[in-house]
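All residue numbers for the sequence shown refer to the UniProt record's numbering, where the first residue is 1 and numbers rise by one.
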Amino acid sequence: MIVLQVNQLYKSFGAEPILSNIKLEVKSSDRIAIVGRNGAGKSTLLKIIAGQLGYEKGEIIKPKDLSLGYLAQHTDLQSERTLQEELLSVFSHLQDMEKEMRSLEERMASVQPQELDQLMKTYDRLQHDFKERGGYQYEADVRSVLHGLGFADFDQGTKIQSLSGGQKTRLKLGKLLLSSPDLLILDEPTNHLDIDTLTWLEHYLQSYNGAILIVSHDRYFLDKVVTQVYELSRTESKKYNGNYSSYLKQKAEDLERNMKIYEKQQTEISQLKDFVERNIARASTTKRAQSRRKQLEKMEVLNKPLGDEKSASFRFEITRQSGSQVISAEELTIGYSGKPPVLEDISFQVTRGESVALVGPNGIGKSTLLKTLMQTISPTTGHIQIGTNVSIGYYDQEQARLNSSKTVLHELWDDYPGVNEKEIRTCLGNFLFSGDDVLKNVQSLSGGEKARLALAKLMMQKANFLILDEPTNHLDLDSKEILENALIEYPGTILFVSHDRYFINRIASKVFELSPKNVEEYLGDYDYYIEKKANQLELERLAEEGANKQQTPPSSEAKRSYEDEKELKKKKRQRERRIAEIEERITELEELIDMNNHRLTDPEVYQDHEQVQDIDAGTEKMNLELEALLAEWESLSSEE
Numbered sequence: 001m002i003v004l005q006v007n008q009l010y011k012s013f014g015a016e017p018i019l020s021n022i023k024l025e026v027k028s029s030d031r032i033a034i035v036g037r038n039g040a041g042k043s044t045l046l047k048i049i050a051g052q053l054g055y056e057k058g059e060i061i062k063p064k065d066l067s068l069g070y071l072a073q074h075t076d077l078q079s080e081r082t083l084q085e086e087l088l089s090v091f092s093h094l095q096d097m098e099k100e101m102r103s104l105e106e107r108m109a110s111v112q113p114q115e116l117d118q119l120m121k122t123y124d125r126l127q128h129d130f131k132e133r134g135g136y137q138y139e140a141d142v143r144s145v146l147h148g149l150g151f152a153d154f155d156q157g158t159k160i161q162s163l164s165g166g167q168k169t170r171l172k173l174g175k176l177l178l179s180s181p182d183l184l185i186l187d188e189p190t191n192h193l194d195i196d197t198l199t200w201l202e203h204y205l206q207s208y209n210g211a212i213l214i215v216s217h218d219r220y221f222l223d224k225v226v227t228q229v230y231e232l233s234r235t236e237s238k239k240y241n242g243n244y245s246s247y248l249k250q251k252a253e254d255l256e257r258n259m260k261i262y263e264k265q266q267t268e269i270s271q272l273k274d275f276v277e278r279n280i281a282r283a284s285t286t287k288r289a290q291s292r293r294k295q296l297e298k299m300e301v302l303n304k305p306l307g308d309e310k311s312a313s314f315r316f317e318i319t320r321q322s323g324s325q326v327i328s329a330e331e332l333t334i335g336y337s338g339k340p341p342v343l344e345d346i347s348f349q350v351t352r353g354e355s356v357a358l359v360g361p362n363g364i365g366k367s368t369l370l371k372t373l374m375q376t377i378s379p380t381t382g383h384i385q386i387g388t389n390v391s392i393g394y395y396d397q398e399q400a401r402l403n404s405s406k407t408v409l410h411e412l413w414d415d416y417p418g419v420n421e422k423e424i425r426t427c428l429g430n431f432l433f434s435g436d437d438v439l440k441n442v443q444s445l446s447g448g449e450k451a452r453l454a455l456a457k458l459m460m461q462k463a464n465f466l467i468l469d470e471p472t473n474h475l476d477l478d479s480k481e482i483l484e485n486a487l488i489e490y491p492g493t494i495l496f497v498s499h500d501r502y503f504i505n506r507i508a509s510k511v512f513e514l515s516p517k518n519v520e521e522y523l524g525d526y527d528y529y530i531e532k533k534a535n536q537l538e539l540e541r542l543a544e545e546g547a548n549k550q551q552t553p554p555s556s557e558a559k560r561s562y563e564d565e566k567e568l569k570k571k572k573r574q575r576e577r578r579i580a581e582i583e584e585r586i587t588e589l590e591e592l593i594d595m596n597n598h599r600l601t602d603p604e605v606y607q608d609h610e611q612v613q614d615i616d617a618g619t620e621k622m623n624l625e626l627e628a629l630l631a632e633w634e635s636l637s638s639e640e
C-alpha cells in the first residue's frame, strides 16, 4: 500500500531553486534514506512532507487518515511533565479506557442483578478493545523505550525542563516511537546517541510496523536500517534499491556505465562527422555522406554524465616521525574540581603508527580524558608521559579553538603568518572555501563549514600525533569519506573518540573501551570489538549457568563445542552474505540484459551490424554469468 507520493516537487529560496522535479514514493513497510551533501535540501524535503514548509510546484499525495510523526533535527520539547508522564501521555486513550474499566468494576460490585448482565457485556467489550490496543503492554513499552534511549538511571520524577537539548531530542524520539505513526519521518535521529543507544534504535526500527523516512549521516546505521536510498543532488532526486553501501556501489557502476555509453556515442559522432567532411564533396560518395549527415541529425546526443559535485581534497602530513612510545598514562584519575572523579586508576599506552578508538557510553569521560591528555584539564592523580619528538594536533568537537570574530582567511593565516596568501587560499580551497567564502566571519559558518575549517588548521599543523574528538560531527557523508581516506593514508598516530561505527571500522586498528575504573583493550576494528564482547558475554553466561548448577568449570569438551558452534554461526553469516551478494548481482544482470534487449529494438541500433554483435556478445556473457550465479545460489540455499 502506498502511503505517500511526491510528484514533480519544486521549492526555491528566493531565486535559487533548492528542489526541482523531486519524485518520491513510500509504501507501508518501506525504510527509505534521503542522502546528499549538506545544503542539498534533505531537511527541507522532510519539512515539506511533514507539512511544516510550503512549496511552489508539484503535489504530495497521501491518504486522509495517514498518521505521520516527524522528528526535526533541532527540536525543543517544552513540557512541565516528568520523563515518564511525557511518554505515558502517548497512551492517554488507554489510560481513559482503564479508568472506565475501574469505574465499571466498582459499579458491578454494587449493582442490582438485573443490571449486571448489561454492565458485564459493556465491560467485556471494553476489556477486549483495551487488550487489542496494547493496554496490558504499554507501560512495559514505556519502560523499554526509557531504557533503550539511555534514561534507565534517571529518576522517574525528573522534570523535562531540567534536561539538556540532546536529552529532550531523545525523549521526543521516544514519544514518536511509542505513538507508532504510519509514516515515521526522522531528521538526524542518531545525533546525541551513544553506540549502545544507536544499536537499540537500529533493532527497534528494523521491527517497526510502519514506513520510515530517514535523513542521517551515520552510514553504519543506514546500512542496518534502510532498504531504499533517494539521493538529492543538483536539486533533483534519484532512487536506488538497497542499503547505503549498495547505493554507493550502484552509483559508481551507473556512472561508469553511462560514461562508457557517452564515450562510445562521442566516438561514433566523431567518425560520422569525419566521413561526411571527407566524402560530401565527391560525386561518388556524396549520397552516403548525406545519409550519414541525416543519421547525425536524427541522433539524440547524450549529455556527459555528471560525476560527484566538488569535494574537499586534503591529506595529513607530518614534519618528522615520533619515537616508538607516543603517549602513556599510569594510574590516572581525572575529573573536574569539586566534583567526583570521572575516571579512576586508568592506565594505557599508545605506540607509533596505531589508530586507537576510545569507546564507551555518553558521560563516561571520553572527551574529558582527551582534554586531560591535552593538558587542558589537570589530572587528580597519576602521570601522563609524552614520547620523544611527539607533536600533537587536537580536533575539538566544539570547535572552541576557532575565533568567531575573525574571517575564515585570517583564522588560518594568523596561525601561519609565514605562509603566503596564495598557499593559504589554496589550502582553504581544498576544504571548499573559495572566492568570497574566505571573507566570511567564522561565527556565520554552519556546523559543517566550521568542521572543515578546523580540519584545515589541523592539516597545516603537520603534527605526528592526532587527538580527535568526534571529527565526523557536522560532516556530510561525502566529507566523512574524504576525511577517512586522509586518515588512512596518514603516516602518524591517531587517538580518537567517535560514535560513528562505520568511521571506527575504517580507521581503528585498536579499540579502548572505557569504564569508570578500567580501560579494556581490543586489537581490531569496531566489528572485531563487538564480536569479542559478544563472546565474553556468552562465556560469562555459560560460566554463570555452570555456577548455578554447582558444576565445575566447563570442560575442554564443552569449550570445544562452543567453538564449533561459533564456527558454524560464522559460516552461516558468510553464506548469508554471499547469498545477498548473489541476489544483488542477479538483479543487476537481469536489468542489464533487459536493457540490451530493449536497445536491440531501436532501429538505429539493429541497423548497425557491429553494434548488434557487441550487444549480443555482452548479453551472452551476462547470461553465462547469470547461469553460474543461479547454480551457486541454489547450492548455498540448499545448505540452510
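The beta carbon of each residue, even a glycine, is placed where N, CA and C say it ideally should be.
Between E86 and I22 the beta-carbon gap is near 35 angstroms, outside 8 angstroms, which marks them as no contact. Fully contained in the segment 292-354 are the following beta strand (DSSP E) runs of length 3 or more, in chain order: 325-334, 343-351.
Judged by DSSP in its simplified three-state form, H203 adopts helix. Around the CB of Q118, fewer than 16 other CB atoms lie within 10 Å, so the residue is classed as exposed. Below 8 angstroms, too few C-beta pairs join the segment 142-158 and the segment 207-218 to call them touching: fewer than three. Contact fails between the segment 377-388 and the segment 434-450, because fewer than three Cβ pairs, one in each stretch, are under 8 angstroms apart. Restricted to the segment 136-194, the alpha helix (DSSP H) segments that are unbroken, complete and at least 4 residues in length are 138-148, 165-179, listed in chain order.
Rounded to whole angstroms, S103 and K121 show a C-alpha spacing of 14 angstroms. With respect to I334, V326 sits apart: the two C-beta atoms are not nearer than 8 angstroms. The segment 223-238 and the segment 394-406 do not touch, with fewer than 3 CB-CB distances between them shorter than 8 angstroms. Approximately 12 angstroms separates the beta-carbon atoms of L468 and G492; this is outside 8 angstroms, ruling out the contact. In this structure, the alpha-carbon of L198 lies about 16 angstroms from that of V497.
With a contact defined as Cβ atoms closer than 8 angstroms, I504 and A329 miss out at about 21 angstroms.
A Cβ-Cβ contact shorter than 8 angstroms links Y522 with E513. The residue among S635, Y10, I48, E544 with its C-alpha nearest the C-alpha of R578 is S635. Comparing alpha-carbon positions, the option among S246, N597, N623, T587 lying closest to Q611 turns out to be N597. G448: member of the alpha helix (DSSP H) spanning 447-461, first to last residue. Inclusion of L296 and I269 in the CB contact set at 8 angstroms is warranted, their separation being smaller than that value. Checking the DSSP bridge columns, you'll see L466 partnered with G393, I494. Taking C-alpha positions only, Y606 is separated from L455 by approximately 55 angstroms. The beta strand (DSSP E) runs of length 3 or more contained entirely in the segment 47-87 are, from start to end of the chain, 57-61, 68-71. A distance below 8 angstroms between beta-carbons, with the five flanking residues on each side excluded, links L146 to the following residues of its chain, in chain order: L83, Q84, L87, A152, F154, G174. Contact between E411 and V442 holds: CB atoms are separated by about 6 angstroms, below the 8 angstroms threshold. Contact between K99 and V3 is absent: CB atoms are separated by about 33 angstroms, not below the 8 angstroms threshold. Under the 10 Å beta carbon count, V301 is surrounded by fewer than 16 other beta carbons and is classified as exposed. Listed as beta-bridge partners of F512 by DSSP are L358, E521. Residue pairing for V215: DSSP places it in a beta bridge opposite D187. Between R31 and the set E105, I185, V226, the nearest pair of CA atoms involves V226. In this model, M101 and Q127 are separated by some 7 angstroms (Cα to Cα). K440 sits in coil when the DSSP states are folded into three classes, being neither helix nor strand. With a threshold of 16 other beta carbon atoms within 10 Å, T372 meets it and is buried. Cα atoms of P340 and G365: separation of roughly 12 angstroms, rounded to the nearest angstrom. Sorting H499, H203, Q574, I34 by C-alpha distance to the C-alpha of S637 places Q574 at the top. Short of 6 angstroms from the beta carbon of Q265, and not among the five residues preceding or following it, lie these beta carbons of its own chain, in chain order: L302. Secondary structure note for P17: its beta strand (DSSP E) is the uninterrupted segment 16-27. Looking at the backbone, the Cα of D124 and that of P181 are separated by about 28 angstroms.
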